[in-house]
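**Student:**
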Amino acid sequence: VSDNGSGIPDEKLPYIFQQGYSTKGNDRGIGLYLVERSLKAMGGAIVCETGKGEGTRFTVSLPYR
């Protein structure tokens with residue numbers, strides 16, 4: 350999944366998968382946490398690539414069985 354937005358600032362990257370973390374206010378910040386947690390439970394992973402002014406891309410991988 351990708352976008353062409355402003356990107357995620359480097360200082361915020363360590364927190365984006367934490368439960369409850371959001372830059373948009375209260376009662377948010379569950380989506381990326383649940384995705385990462387679910388993928389790990391299935392032996393998969395999610396990777397975030399971002400650059401200032403270049404947008405953000407999330408790549409999801411799951412093992413093939």
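Residue numbers (the working numbering): 350 to 414.
Where is the CB? At the ideal position from N, CA and C, for every residue including glycine.
Note that the structure is a prediction, hence the values are computed from the model and not measured.
Do the region 379–390 and the region 398–406 make contact, defined as three or more Cβ pairs closer than 8 Å?
**Tutor:** They do not touch, by the three-pair rule.
**Student:** Kindly give me the distance between the Cβ atoms of residue 404 and residue 352, rounded to whole angstroms, as I take these residues to be in contact under 8 Å.
**Tutor:** Rounded, the Cβ-Cβ distance is 5 Å, consistent with contact.
**Student:** Using the DSSP secondary-structure output, state which residues sit across from residue 407 in a beta bridge.
**Tutor:** According to DSSP, residue 407 bridges with 397.
**Student:** Can you give me the Cβ contacts of residue 374 inside the same chain, cut-off strictly under 8 Å, excluding the 5 residues immediately before and after it?
**Tutor:** Cβ within range, chain order: n/a, list empty.
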